[in-house]
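Take 162 as the starting number for the sequence shown in our numbering and just add one per residue.
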Amino acid sequence: MEKVAGWYLAWHVALLYWTWLFLFTFGFTGAEITCRSCRSQVHPQQQPQQGLLMHLRTEKGEKEQRRFFEEKGGERGQEARTEDAGLRATLAAAPTGTKSSGWETRRVMREEKVAGERRPRAAAAPAEDRPHRGQALLPAGGRPGSVRRRGRSPRGSAGPGPGGAAGREPGDGGAARFGLEELRLGSTTFALAGDSAHNQAMVHWSGHNSSVILILTKLYDYNLGSITESSLWRSTDYGTTYEKLNDKVGLKTILSYLYVCPTNKRKIMLLTDPEVESSLLISSDEGATYQKYRLNFYIHSLLFHPKQEDWILAYSQDQKLFSSVEFGRRWLLLHEGVAPNRFYWSMMGNGREPDLVHLEAKTADGHAQYITCKMQNCSEATRSKPFPGYIDHNSLIVQGDYVFVQLTSGGRPHYYVSYRRNTFAQMKLPKYSLPKDMHVISTDENQVFAAVQEWNQNDTYNLYISDTRGIYFTLALENVKSSQGLEGNVMIDLYEVAGIKGMFLANKKIDNQVKTFITYNKGRDWSLLQAPHTDLRGNPIHCLLPYCSLHLHLKVSDNPYTSGNIASRDTAPSIIVASGNIGTELSDNDISMFVTSDAGNTWRQIFEEEHSVLYLDQGGVLVAMKHTSLPIRHLWLSFDEGRSWSKYSFTSLPLFVDGVLGEPGEETLIMTVFGHFSHRSEWQLVKIDYKSIFDRRCAEEDYRPWQLHSQGEACIMGAKRIYRKRKSEKKCMQGKYAGGMTSEPCVCTEADFDCDYGYERHSNGQCLPAFWYNPSSLSKDCSLGQSYLNSTGYRKVVSNNCTDGVRERYTAKPQQCPGKPPQGLRIITSDGRLTAEQGHNVTFLVQLEEGDLQRSLIQVDFGDGIAVSYANLSSTEDGIKHIYQNVGIFRVTVLVENSLGSDNAVLYLHVTCPLEHVHLSLPFVTTKNKEINATAVLWPSQVGTLTYVWWFGNNTEPLITLEGSITFTFSAEGMNTITVQVSAGNTILQDTKTVAVYEKFQSLRLSFSPNLDDHNPDIPEWRRDMSRVVKRALVEVTGISSKHVLVAVLPGLPTSAELFILPYQDATGEKKRTAADLEQISESLIQKLNQNLVHFELKPGVRILVHAAHLTAAPLVDLTPSHSGSAMLMLLSVVFVGLAVFVIYKFKRATPGHSPEPKERKCNQGSLDRGLPKSLWITKRFQAKTRSGSISTAAESQSTKEIPTYVNG
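Set out below in structure tokens:
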């Protein structure tokens, strides 16, 4: 009975407490706190819906909103801002009304120190919404929805229990201890009186050993969409007291934004609300006094120079870019039509041209162009255009020593990079990655880290890492999890651990499960995380790799007052704190807090629910504050790297916490908590000074050495690294960063090398060429007498410091370029088009796949009676220029010859009537004296009235038709080429195919194991490479000469191919094989196929079997010319283009010698020049017949599938 009565008494006490609390608070509105000074570029025109908002219903049932924006900086604040080196890429969506190019460099969660401040970025997003490296805590009073938490809400489980094992040394995985005694922290509270209605605030803490803090509070009217009130506060005693400065800036002045110079924190800039006036208020004494300057434009964003304190770029709301060299006192218009967020200061490491500005501007005709110019002179005469031609809109990125642009052609994006402002080169990803989205994650340590979404990915990205120039990329990790942010931005689950070079954490998706992996060598090797051995209470955890492991959430907060899910610091390189779970996969349920003090080798559980953790005293003290929607007055402190925790109170009354800001500086022992006692109260600023909890400063004997290792392996990134750490049992204040690291190089082993471009690591650990890569291709561009680097298949991991050992064996060797006859000759125009305007310069480029072009004779015939010769390449490096005076189609031929051989190429140039893309569908093998069908397949298929120009072999006269299909007969055996050009208005498209002609041959349809379809992008290049791979596998198994075998992979799914047995002839023309021999070869092939002996490895772990489409041992039938089944073996399909109007164009020669002015004029469409046919041939529609059966003989037959890709020889 007493027990029941006692229970009711406790219930009444609790009810009375919560009733008092409800009456005291009567509802509450949270506040967002967002960094300002850490962003050199800021956006005054903030939309209400942007930012992190907290909501709670008031007594009227309405939701009030408060946001808190931070301005924090200073030399002492640099460590706080740069310590958290997470590579959590937050890729913001393109601004409204702009077209996104599909690739971005976005606010990587790692800041770069430049002249005492983070390196500024272009204003890609409002600064209050962008990531920050400041020390910050997730608001302990945060409401659901106040933080981007991916659907998770604070768990309602009990807090950490007081029990647990005793504290242990690093790596023991023991449970954490919790003290029961409540201790008191020294603190002071200040209320911003009169600002209770203000729902936004911005904070700046100067640093530089300064005690000055500035706070700008505002009342944003969401109905009017404007700011109606503002107040400016200033503290000179580290936040103990504040003075209101409204009278110094003007009592009627409404302020909208507060900015701080990143290289001189004493310089402050305030922007007035443009709805009232457009002005700047500038202070040079940390906000004590101000001068007002009027503006004639409205600022949208600012970009401060990383080194020059008075240099600023301003982007206006009407897309104009202005510059100032007087900290905003005077402005100069640089350029109009600048793309949002696409302007940058020159950031080259050598500091060359610091006043150079990079920008993406819109041309008069709506194209985008990359431009550089000086900040004080950007006239047309002084501008430079480093990238030839146009680029995709919103694609310019300047980051460190690299410049990136994107250019889409043929429906595919192509990415280009310039390293240290050298000539742009196309970025080389593995051939069949076929990216549809790319994001540059990092350009540190002379290397590009990129996330690429490939053609077969939807919610994952592959991580690629480049060579020094940023050109050749190799795969680092596949299928890294990605997600959409609240504003449509892409977030990739990748985190770079601060203080340890080459250490990353990533969440990888495997069979619809997300697992956390760790690497210590920049992605060369990845492994799962070992779960703790015991839980919080010391109970054993049974979790066996690889079936069970620790998984972490890798989100880094966009808000400087919120800590996100994971944190690390440069000054505490071994300590990582993160939220996550133990099990088979990453989960949003049962989230706990974990800590490692040995850089990820072992982990300990420290809380059973989510907390925010702040690093104090260079990581010597960890501060934890619970995630809760209730008011709090306690926090937890740990002095031994999270092994034991003590409970401290920081305020006498419970406080709804909106956010926490750590003191900028090296010691970081002062913390300010922002919050409210109720929704009606003013902003409450609680200053906490932790210095009182230390009784002395650390001495030398308080430190110990700690060696970085990976599961016992001490050599990481080619060196043994030993750090200086405070002993966990010593409770002393470190003050200035007392850490340090000594490094000793290791002997190089195979683990220090990754696979080079074009190579893949197989199960035996070896790097072997991928099926699409030809290792000898690197020697094709060099000339006799020169040298090139011949890859061994390996390349040393960038920033790896190993020496000797196997370095010599794995390093690429310089080799002399071999002498070769010219092969693969091409002649193209500089813009890649087959059209030109009469009277204008046309630039031809001569290209060789192989051969010594420098020592070759080059002869070019322009087809208009003019020819030129060159004795070496130097005369043609900039192209061969020619002006056509007449309108027509000109046959441009080029001949290259040296002492080892010769090669020639032809280009058919259409003057004044330009064109674009076509695919020629042909049988790849046919019989002599039998008609074949050729079809021009267009994309898109409906393009209007067309003219088709057909070229056969070496014929100088073309066949011109108005239909996309023709029939043709070859009278001689051998390889024959057909070229089709399609003219549609001012666009011309061309494709060339080769047909093998024989009297007799045999064919067989092939099929493959179904897993090949998963890797089939169904493009011509892939089919061509796969045909070569299949042919090689057949030849290796059967021993048949490759001259007898031709393989063509067919388009479409499921993947199939056609195999041809050909009667090879020697140079004398005598046949080496009879019909009986072909039959014997076919029997041998079918036998090997039926026995599953023909197979190949597509990539490591992917084995493909080749089968006969209908498994049978019957020999291939050899039909003679007397058979009447040839029509059944013709084309399977024909694409017809119907013409609504039958038009025969007139042909007339342009006036000889007449050179029109280079201006727009009307083309004489279809006009032809010399060497063209006297009459026009119009073909009739041809109804193709199909053949049946998968095994057939082709003495009188043709394959009917579109085969642009086949291999013979």
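For each residue, glycine too, the CB sits at the ideal point set by N, CA and C.
Express the C-alpha separation of residue j and residue i in angstroms, rounding to a whole number.
i: T1096; j: S1060; result: 40 Å
i: S948; j: Y884; result: 44 Å
i: G1332; j: L1107; result: In this predicted model, G1332 has a pLDDT of only 34, less than 50, meaning its place in the structure is not dependable; the value taken from the coordinates is given anyway. Looking at the two C-alpha atoms, the distance is approximately 22 Å.
i: V499; j: L493; result: 15 Å
i: S810; j: A860; result: 29 Å
i: Q608; j: D917; result: 14 Å
i: D1025; j: C534; result: 42 Å
i: G761; j: G993; result: 52 Å
i: P331; j: P825; result: Legend: pLDDT at P331 = 37, less than 50; position of this residue unreliable, no value from coordinates given.
i: I1222; j: A1194; result: 15 Å
i: I376; j: I388; result: 16 Å
i: F565; j: A997; result: 30 Å
i: F914; j: L689; result: 21 Å
i: S603; j: G631; result: 11 Å
i: V967; j: E911; result: 7 Å
i: I823; j: S367; result: The question names Ile, yet the displayed sequence has Gly at residue 823. Rounded to the nearest angstrom, the two C-alpha atoms are 12 Å apart.
i: E436; j: N384; result: 15 Å
i: V1263; j: H1256; result: 11 Å
i: E240; j: K897; result: Bear in mind that a pLDDT of 34 at E240, under 50, signals an unreliable position, so the model cannot answer this.
i: Y864; j: F610; result: 36 Å
i: L791; j: V818; result: 9 Å
Tell me whether the beta-carbon of residue i lies closer than 7 Å to the beta-carbon of residue j.
i: M754; j: I737; result: no
i: C909; j: C876; result: no
i: I443; j: Q452; result: yes
i: Y1031; j: I1044; result: no
i: Y656; j: L706; result: no
i: G448; j: I429; result: yes
i: V1055; j: V1007; result: yes
i: F659; j: R730; result: This sequence places Ala at residue 659; Phe is not what is there. Going by C-beta atoms, A659 is nearer than 7 Å to R730.
i: E138; j: S357; result: Beyond the ends of the chain as shown, which are 162 and 1370, falls residue 138; an answer cannot be given.
i: G803; j: A733; result: no
i: Y851; j: L796; result: no
i: V144; j: L747; result: As shown, the chain starts at 162 and ends at 1370. That puts residue 144 outside it, with no answer to give.
i: T402; j: S372; result: no
i: Q614; j: D598; result: yes
i: D1152; j: L1081; result: yes
Would you please state the rounded distance, in angstroms, between the beta carbons of residue i and residue j? I believe it to be under 8 Å.
i: W547; j: Y531; result: Note on residue identity: the sequence assigns Pro, not Trp, to residue 547. At roughly 6 Å, the Cβ-Cβ gap stays under 8 Å, so P547 and Y531 are in contact.
i: H575; j: Y551; result: That belief does not hold up - the Cβ atoms of H575 and Y551 are roughly 13 Å apart, past 8 Å.
i: E521; j: R503; result: 4 Å
i: D1174; j: T1216; result: 6 Å
i: A1218; j: V1191; result: 6 Å
i: G684; j: A612; result: Not confirmed; about 12 Å, so no contact.
i: T812; j: V847; result: 6 Å
i: I743; j: C709; result: 7 Å
i: T1122; j: E1092; result: The Cβ separation is near 15 Å, so there is no contact.
i: N407; j: L380; result: At roughly 13 Å, the Cβ-Cβ gap does not stay under 8 Å, so N407 and L380 are not in contact.
Return the bridge partner residues of residue i from the DSSP annotation.
i: K881; result: E905
i: P866; result: R885
i: F548; result: F548 pairs with nothing; no bridge assigned.
i: T695; result: P701
Quick one: is residue i near chain D, going by C-beta distance under 7 Å?
i: G489; result: Here there is only one protein chain, and chain D is not present.
Practice item. Counting only runs of 3+ residues fully inside the segment 956 to 1039, write out the beta strand (DSSP E) ranges in chain order. Key: 974 to 977, 987 to 990, 1002 to 1008, 1018 to 1022 and 1028 to 1031
Point to revise | Contiguous beta strand (DSSP E) assignments of at least 3 residues, all confined to the segment 717 to 791 | key: 727 to 730, 733 to 744, 753 to 757, 765 to 768, 772 to 777 and 782 to 787
Review point. Considering only residues of the segment 412 to 481, which uninterrupted beta strand (DSSP E) runs meet the minimum length of 3 residues and lie entirely inside it, listed in chain order?
Key: 416 to 421, 429 to 433, 440 to 444, 452 to 455, 460 to 465 and 473 to 477
Point to revise | Any beta strand (DSSP E) of 3 or more consecutive residues that is wholly inside the segment 1081 to 1158 | key: Segments of the beta strand (DSSP E) lying fully in the segment 1081 to 1158: 1086 to 1088, 1092 to 1099, 1108 to 1113, 1120 to 1122, 1126 to 1130 and 1135 to 1145.
Check your understanding: Which ranges would you report for the beta strand (DSSP E) in the segment 1046 to 1079 if only whole runs of at least 3 residues count?
Key -> 1049 to 1059 and 1062 to 1072
Check your understanding: What are the uninterrupted segments assigned as beta strand (DSSP E) that are 3 or more residues long and contained completely in the segment 343 to 380, given in chain order?
Key -> 348 to 352 and 361 to 368
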